[in-house]
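**Q** Here's a structure for you.
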Amino acid sequence: MLAGCGVKASSNAITLKKTVNGLAATLTTNTQPGINPVVVLLTDQNGKPVSDALVSGTLNMSEMVMEGYPKEIKFNREENGKYSGLLQVSMEGIWHFDLKITSPKGTVQDIPYVITFQVK
Ligand SMILES: [Cu+2]
């Protein structure tokens, strides 16, 4: 079991919260290799949901070159600041997921995550 900063682990699910420039992004996914649903919740400095952003991401393993990676991850906008996508993780190990959040004004915020995927 791995526990880093801001980590809530229950079975194989992980929640990572990062705040950059007042924008908080809470990412939840499973940590088993395979195709994992990923949900990002965006809130502003007042804790209110940010529902009008465009969210995408890039998934990669930095330690090696692998066919099909880096992979662009598309997110669908749900309600109340929630955005959902799928992380296709082909093997165990340390993965880098860079979240890209674009505001309606066109301001781009990148938030990097490091996630360890492991067969349990
Ligand atoms: Cu690899």
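Just so it is clear: in the sequence shown, position 76 is 86 by my numbering, and no numbers are missing. Don't be surprised by glycine CBs; every beta carbon is placed ideally from N, CA and C.
(1) For GLY103, verify whether its CB is less than 7 Å away from any heavy atom of ligand 1.
(2) Tell me which residues share the same chain as GLU73 and place their Cβ nearer than 8 Å to its Cβ, disregarding the 5 neighbours each side in the sequence.
(3) If you follow the beta strand (DSSP E) that GLY91 is in, where does it begin and where does it stop?
(4) Note down, in chain order, each residue of its chain lying with its Cβ closer than 6 Å to the Cβ of ILE83, except the 5 sequence neighbours on either side.
(5) Since GLY6 is in the beta strand (DSSP E), which residue starts that stretch and which ends it?
**A** On the basis of the data shown:
(1) yes
(2) GLY103 and ILE104
(3) Neither: GLY91 is in no beta strand (DSSP E) and is coded neither H nor E.
(4) GLY67, LEU69 and GLY95
(5) The requested residue 6 is not part of the displayed model; the chain covers only 11 to 130.
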